[in-house]
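Let me begin by presenting the structure, written as structure tokens, before commenting on it.
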Amino acid sequence: MSEITELTHCGPSLCVKFFEHYVFAAYGPLLKIYEYKTGKVVNTCRVLKKNKVHGISIGKSGNILAYGARSVSVFPMSEALKKESVQKYENITTEWITSSEFDYTEKNIYMLTCYNKILVYNLESKSIAIKAVPGERSILYSGSIKVFSDDKAYAVAGTVMNGVIIWDLITEKMFHNLTGHEGAIFNVILSDDGKLIASCSDDRSIKLWDFTTGQELTTGWGHTARIWYLKFFDNDRKLISVSEDCTCRVWSVSRSSTGKIELVQENIIEAHQIKNVWGVDVQESENIAVTSGNDGRIRVIDLAPVSRYGNELQSFSLNELSIKHGIKMEKGEMFKGFQPFKFGLIAATSLGKILMFDQISNSWSLLMTDSRLTSYSIFHGIKEENIAVIANNKSELLVLKLSEDGKTIIKESKLHYDNLSKTINCLVTKFDEKSLFILLESPNPNDQLQGLQLSNNTLEIINEYTFTKPKNFTTSSVAIIENLLIIGSRFSTVGIYSLTKEQKECYLIKGINEGDNITSTTFISKLPNALIFSVTSRDGYYNFIKIHISKTFEIAKHEIIYSNKVARGFLEGSFIDENDDFIIYGFKSSLFYLYNETKCYELASQLCGGAHRQWNFEEFNDYFMLVFIQSSTLHIRRINKLKFPHTLSDGLHGREIRDITIRSSKSYKNGYLFCTGSEDTGIRLSYFDITTNEINTYWFERQHVSGLQTCSFISNNLMISTSAREELFLWKLNTDTEDRPYMNLLQHLPTSMDTPDLRIMDFSVKFIEETVDFVLATIYSDSTIKIWYYNSDENKFKLIIGGRYETCCLTNANFVTLNQKLYCVVTPTDGYIVVYNITEAIQFELSESNTLVNNEKDLTQTALPMYETRIRVHQSGIKSMDTQVLDNTLKVYTTGDDNAIGLTIFKLDTSTKKLEGITNSFIERANASTITSCSLFNNNSKLLTTSVDQIVKIYDISNDQLDLINERYTTIADTGSCDTIDLSDGSSRLLIGGVGFSLWKWTQ
């Protein structure tokens, strides 16, 4: 007896709840429980059979109340923490539940229904009583219940027609019908002291009302889309809101001197991706919030960094340094450079003063004055060694070695570099554990680049270097990796020098991207005879570059193994953090941002002035330090690292997953890599572990400009994706490193016009024997069929066959080789399976083993021949197709908009020498709605189907019949994609996508 089991689910989370050291998050009918201090998943249990959990309440006794749609369940905490299912406690009501709470004794539960009635359910007698305001039967969109005592409880109800109704559920009397919003009320709550009502609606505003008088007190504006949920905290002095705009916002409920109440926005947190933050809760003892959203992420937010760590932002003017710290400043003197250190900061002024800031005592002191640094100075340092390097434009350097507390200069070195008359740039980096490296550049393009290696302890010169400067090369960043000096320049160019060779010739990597300054270089990993490093470009691109090197550090070649662009303005730097996540930082207009690019969420932001800013940023063990000048004032922002995990669940996509593909030909670590293409225009490269069933996401590709249509691995290291605007991208996968895989855009398909508007619906690939060249079939939304040849040596696509089916949209395509003939099988929206014989048109030979052979003919474009045969299988559009060739027979499995599934068998007619098809098995009403995808697995003996009705079905097809053997309900809404893989133990893994994602196991 076969069985299918859901192993992992990642989808929209509609609500979250703190209890003690746990976070309870609802995913569909499931409840996932985390320890928020460690991020550990304690348990996942099924609460409801099908309905999604919309709300959670936890009583003082530890019982959990969960509700959603017409379902409600009350179950012990102990079972939720240990059992796989508590579904036996589920009860079904007659009306939709908008909110539910325990009564004061916790012997009853109150359920506010969509008809503004309260159902009172006794947990002991199982009896139901009804509470309602006589004559009131508004249709509710939202609501909440607030219980103060055994005889004091209120219902606050948000209607679909902009009203907020407040009534006493004990006396069944209405207090207020509050009007003022425009549109449906999405949430309404009562404060803990019972004095304030907060509501939010379709008009994107938050309103506060006086509970006693019903008077509107204030309106808060700020969210840019609909607001879904509100919560009071901090003794009702603050309010937190979450919205469709993906932000979580903290508001202060303040009173002016006249007694007027105002909502003041204190903080904005970019919490989720693409669309919709559904739920939020606050743990007041720790001053943290947790949010849940459509992307499946569970995000932890620090609400009190100031009280936890002290004031994070400090500001100092030179006038303040004179008055408060006794450092005499001249008129017109200003800050010219600075370098953060663990003890605080070293800064230089325009008159050569070297100042030290002690962040423990918040005090400034004058270390020394160097008149050589008057007016112009370039400031860098090595924070790990407490070394500051300051240069002027006359090739003069001041190098300082400071004590651990920064108060004493241990070593001082004043250098003048005679080989250069002037200096326009001075860059500093670590050479090795015992020394540092200084790179100097002259404004004269004919001057060579000069380098100095200095001892960390003595500051004495160990080595001097001269490097050939390429034409039009201006230095912007520097790093030393394994005896290689890597210098970033303008126009997205990198120069690499070997420090072990006498001739310091440059290996140049030009035009990596469209072309701004290289702003940083970061070592990533070392491989046998190769290195990987990342570079960031000011225009938002970042790239991972692999260089192949010999034992003598000769660079043989380079390869860009990953490239992406962030839509966040200027990109200034990057690093790998302690969790192995790729972190980037830069500026978007006047805002500094720190962003986790691997997990796609913002870590911090800071307003800090315009484009011509002075700034520096460094990472330390427990915090980051940002220093910047704004309005002649020096600001120091200490960004403390959260002591809890930033996310309890990373989530996946914020929109519907359109396609899934597993790299089934080769495993990775203890599982398999897979890609998901989404309506959010992104492709995620992820991994699932076959033992722990954990999902890890590595990268989010942003190259497509419209929602994805298809994506599929075509070999071990190649993947193709398609979307609208005739976009078809060929990607190359690199799995040489153990830390993470990489995927880079190799080539894109030529379009038929400058502004294409067609969608590439599907594609199929057939490789040329003993090469990585291939033939590609693409089908379009206007019924066009094109066949291309991809030449891997030239990295180019060439159109070799073109034509059109009829006038309807094509949905699926597949190459099939049979009887030494090449067929292209397509399915349109008219319900037919259409077979083209392109053997003569393709200009490639087919071997006896039915593989394509390159006969080295000159390829010319030919017309698509008339289809050889077609057979109508479905009443309307065919949504998905899979094919199998066996014993000179072609089997085509199709699913359609008509809710049907069919098996059609094609065989060669000996008289006509053409394929003829017959529908061998057909289930007319296989599902209650459109069957969206199908996939063969278990050595092509089983067929998986998914449907909009969220029923996953498995058919046995071993006897050329569609015999249903398994069916299960999935919590993934808009179920539309799937892929499968067979494992060596005889089981299979099924990946199912829609608005969310789930991993299933099938066993025989």
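The opening position of the sequence shown corresponds to residue 1 in UniProt numbering, with each subsequent residue numbered one higher. Glycine included, each C-beta is placed from N, C-alpha and C at the ideal position. Keep in mind the model is a prediction, meaning the values are calculated, not measured.
On the DSSP bridge assignment, give the partners of leucine 239 in chain order. Phe232, Trp251
Just checking my contact of aspartate 979 with serine 935 at CB under 8 Å: how many whole Å lie between their CB atoms? 6 Å
Based on Cα-Cα distance, which residue from Met881, Ser752, Gly158 lies nearest to valine 188? Gly158
Restricting to Cα atoms, I'd like to know which of Ile410, Lys383, Val952, Gln961 is closest to glutamate 967. Val952
For tyrosine 742 and alanine 604, the rounded distance between their alpha carbons: 26 Å
Which whole-angstrom value is the C-beta distance of threonine 676 and lysine 599, which I expect to be below 8 Å? Not confirmed; about 15 Å, so no contact.
How big is the Cα-Cα spacing for serine 201 and glycine 222? 13 Å
For glutamate 216, name the three-state secondary structure that DSSP assigns. strand
Within 10 angstroms of its Cβ, does methionine 719 collect 16 or more other Cβ (buried), or is it exposed? buried
Please report the straight-line C-alpha distance between phenylalanine 175 and glycine 68, rounded to a whole angstrom. 27 Å
Just to confirm the assignment, what range does the alpha helix (DSSP H) spanning leucine 321 have? 318 to 325
Within the segment 48 to 98, ranges of the alpha helix (DSSP H) (whole runs, at least 4 residues): 77 to 82
Alpha-carbon spacing of isoleucine 905 relative to alanine 973, whole angstroms: 32 Å
Note down, in chain order, each residue of its chain lying with its Cβ closer than 6 Å to the Cβ of isoleucine 779, except the 5 sequence neighbours on either side. Met761, Asp762, Ile785, Leu810, Ala813, Val826
For threonine 751, which residues in the same chain have their Cβ closer than 6 Å to its Cβ, ignoring the five residues on either side in sequence? Glu726
Determine the direct distance from the alpha carbon of asparagine 91 to that of leucine 123, and round the result to whole angstroms. 11 Å
Backbone CA spacing between serine 525 and isoleucine 576 [nearest angstrom]: 11 Å
Limits of the unbroken beta strand (DSSP E) element including proline 340: 335 to 341
Of all the options Glu20, Tyr141, Ile128, which has the alpha carbon lying nearest to the alpha carbon of histidine 54? Tyr141
Helix, strand or coil at proline 305 [DSSP, three-state]: helix
What number of angstroms, rounded off, separates the C-alpha of tyrosine 229 from the C-alpha of asparagine 63? 23 Å
For histidine 380, count the other beta carbons within 10 Å of its own beta carbon; 16 or more makes it buried, fewer makes it exposed. Which is it? buried
Let me check one thing: in DSSP terms, what residues is glutamate 619 bridge-paired to? Phe624
What runs of the beta strand (DSSP E), each 3 residues or longer, lie entirely inside the segment 708 to 749? 708 to 713, 718 to 723, 728 to 734, 742 to 748
CA-to-CA distance, asparagine 596 to glutamate 482, given in whole angstroms: 27 Å
Secondary structure at glutamate 384, three-state DSSP: helix, strand or coil? helix
Compute the Euclidean distance between the alpha carbons of lysine 324 and lysine 260, then round it to the nearest angstrom. 38 Å
The beta strand (DSSP E) with asparagine 696 in it runs from where to where? 695 to 701
In chain order, what residues of the same chain have a beta carbon less than 7 Å from the beta carbon of valine 885, not counting five sequence neighbours either side? Val816, Leu818
I need the straight-line Cα distance from aspartate 358 to lysine 411, nearest angstrom please. 19 Å
In terms of alpha-carbon separation, which member of Gln875, Ile480, Val389, Lys469 lies closest to aspartate 432? Ile480
Helix or strand or just coil, what does DSSP make of phenylalanine 844? coil
Would you check if there are 3 or more beta carbon pairs closer than 8 Å linking the segment 370 to 387 to the segment 324 to 334? no
Could you check if alanine 567 is buried or exposed, using at least 16 other CB atoms within 10 Å of its CB as the buried criterion? exposed
In three-state terms, what does DSSP make of leucine 648? strand
Skipping 5 residues on each side, what residues in its chain have a beta carbon closer than 6 Å to that of asparagine 267? Val250
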